[in-house]
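> Letter 480 of the sequence shown, counting from 1, is numbered 1082 in my numbering, and no numbers are missing.
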Amino acid sequence: MKKILVSILLVCAAATVVAQRADYRIIPLPKSVETDTARVFPLRTGMGIAYDAGNPEVARNVQFLRQWVEELTGVKLALTPDDKKAAVRLTLGFPADKKVKKAKKGQPAAVLTEQQQEAYTITVNESGIQIAARNPIGFFRAAQTLRKSLPLTKNAQPTTLNSIDFPYVQIQDEPRFVYRGAHLDCARHFFSVEVVKQYLDLLALHGCNQFHWHFTEDQGWRFEVKALPELAKKGSVREQTVIGRNSGVYDGQRYGGYYTQEQCREIVNYAAERYINVIPEIDLPGHMQGALHVYPNLGCTGGPYPVWQIWGVSRDVLCAGNPETMTFLKTVIGELCDVFPSKYIHIGGDECPKVRWKECPKCQAKAKELGLKDDGKHSIENQLQTWINHEMEQYLKERGRDMIGWDEVLEGGLTEHGIVMSWRGINGGIEAAKQHHRVIMTPTDYCYIDYYQLKDQWGQPLGIGGYLPVSKVYSFEPLIPDQLSEEEQKYILGPQVNLWTEYVGVPQHVFYMLLPRLDAISEVQWCRSDQKDFEDFKTRLPRMKQLYDRMGVNYCHGLE
Ligand code: ACM
Ligand code: ZN
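1. Applying the 10 Å Cβ sphere with the 16-neighbour rule, what's the burial state of residue 824?
2. So if I measure from each beta-carbon to every heavy atom of the ligand ZN and keep distances below 7 Å, which residues remain?
3. Expressed to the nearest angstrom, what Euclidean distance is found between the alpha-carbon atoms of residue 783 and residue 631?
4. Got a sec? Which residues, its chain only, sit under 6 Å from residue 927 by beta carbon, not counting five neighbours each side?
5. Let me check you understand the geometry: is the CB of residue 1105 closer than 8 Å to at least one non-hydrogen atom of the ligand ACM?
6. Is residue 879 helix, strand or coil when you go by DSSP?
7. For residue 754, name the three-state secondary structure that DSSP assigns.
8. Is residue 1050 a contact residue of the ligand ACM, with contact defined as CB to any heavy atom under 8 Å?
9. Under a criterion of Cβ closer than 6 Å to any non-hydrogen atom of the ligand ACM, which residues qualify, in chain order?
10. Distance, Cα to Cα, residue 719 vs residue 713?
11. Count the other CB atoms within 10 Å of the CB of residue 874; is the residue buried (16 or more) or exposed (fewer)?
12. For the stretch 808-858, which segments carrying the beta strand (DSSP E) assignment without a break, of at least 3 residues, lie completely within its bounds, in sequence order?
13. Per DSSP, what are the beta-bridge partners of residue 1094 in this structure?
14. Taking only three categories from DSSP, how would you classify residue 1022?
15. Does residue 1000 get closer than 9 Å to chain C when you measure Cβ to Cβ?
16. For a quick check, are the C-beta atoms of residue 1105 and residue 1039 less than 9 Å apart?
17. Could you give the distance in angstroms between the alpha-carbon of residue 810 and the alpha-carbon of residue 1124?
18. So which of 1155, 1161, 938, 1079 has the shortest CA-CA distance to residue 830?
19. Beta-carbon within less than 6 Å of residue 893's beta-carbon, same chain only, minus the 5 sequence neighbours each way: which residues are those?
20. Between which two residues does the beta strand (DSSP E) harbouring residue 1008 extend?
21. How would you call residue 615, buried or exposed, if buried means at least 16 neighbouring beta carbons within 10 angstroms?
22. Does the stretch 1007-1021 come into contact with the stretch 1073-1082, if we say contact requires no fewer than three beta-carbon pairs (one atom in each stretch) closer than 8 Å?
23. Please classify residue 590 as buried or exposed, where buried requires at least 16 other C-beta atoms within 10 Å of its C-beta.
24. Does residue 627 come out as helix, strand or coil in the three-state DSSP assignment?
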């Protein structure tokens, strides 16, 4: 009788172990993954994570890991910082680095690249899961890798595993590019702080480290400036919005919204905890009708200027000849620097029509005062814009920041230190790199994720046009090796995708446009070019989509 009871108990105990296997074939693919699929380490509920509890940054990343494992699988790990026998162990520093330092005693230490500073390793064997990183950021990257490797069920319900089988593995990883960006236009349409945080979560999941936050447009100004309280209050509101592609029919709905500085700081902190830098953009001197609505004296004609209700680019821009314009810009950019610690500040500079400047006595007087002459390559008005860029660059330098501008900043002659964001193809980027200026590659043909991603446009929400399938994003090679020498390639910081939102008004549509093209760009940003393989990428995507289902974010189901 006793025997039978013991047997029943044993059978019950065995039945309660619910395990599934982890799978390291994730996106972006780590630099090196050597798996021994024949052997697994079972990570069970109640097992511990050991780490340096005295380091709050490490502790935060451990919390992320623990939370993700529990949310996605149901396996609950204990925090046991001092337990040498814990199942998961985090160690700061690579043993190999110490050897290198010793060998070079007396010589200057080798300087690691920023990418090497992000490196991590994961080893799974009979003693558990060991994570090593040079810096806490590496633990975050490793935690994301493990998160994406977790077994997921198809439905949106939390799984109820109490054990995960981790195949033995040796993973070594670090990113390819130092700059791995994604942009969001929050000016054409306004997205809540919660949605921006969700966007950031997705960037972090894909190893992106730069969020380019586009704040201002003809259709709305969305950054609070305390010295100019009316600016965001009034400049953020358009009385109505045109329906579709400038159909001439309007929706009759007031539309607005802006971010307070407190909310911006909240986003900066949220992003920083996920190792993302937030680059704010105030687009100047064009795309300014939101501001001109509030300060019509800053326009060449004096207005009035309603916050724009249609799509496109307004011919009314800031008057370059009015000294108040520079005061306005320095006030705005000054507060922007107060709120955003980013080394990079984006001043836009794209699509600034010059019709008003050509006719404006103040602008022409300013050009004369500066001694600007058409040299056959740079028009007077383009040089006038360069003068504004130069003022901005100097002002930002005083604040210890570097200026980024869209590639139009090349047209009047590039300022001394300007970083070029190449969007009208790759030529601007090539020209800038040849001039030894830093470049971020965002050409429309590969990086404009406001374009349709499937051929069947009618089956998708209305978009701006174009066609940019996942495969095309994936095929991008940002270093342009056939046109740039190895030395020139060093000026390419990295690629970025841009999401403009004229036709993207709701969060579901934002994520539909982003995913899975973010997966594709993440491999361009993270993986060596010889590692990339679209057919293999496609086999790894379904698990990412399962993760999006579990995260509750929308994505495009088609794949071309
Ligand atoms: C841009 O797409 N106008 C930079
Ligand atoms: Zn003017």
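Glycine is no exception: its CB is placed at the ideal position from the N, C-alpha and C atoms.
Taking the coordinates as given:
1. By the neighbour-count criterion, in which a residue is buried when 16 or more other Cβ atoms sit within 10 angstroms of its Cβ, residue 824 is buried.
2. 902, 921, 922, 923, 924, 958, 959, 962, 964, 965
3. 17 Å
4. 900, 920, 921
5. no
6. strand
7. coil
8. yes
9. 952, 953, 1008, 1025
10. Each residue's CA atom was taken as its position, placing residue 719 and residue 713 some 10 Å apart.
11. exposed
12. 812-816
13. Beta-bridge pairing links residue 1094 to 1041.
14. strand
15. This model lacks chain C altogether, as it is built from one protein chain only.
16. no
17. 7 Å
18. 938
19. 823, 837
20. 1004-1008
21. Because the pLDDT of residue 615 is 43, which lies under 50, any placement of that residue in the model is unreliable, and the question is left without a value.
22. no
23. Residue coverage of the chain in this structure runs from 603 to 1162, which leaves residue 590 outside it and unanswerable.
24. coil
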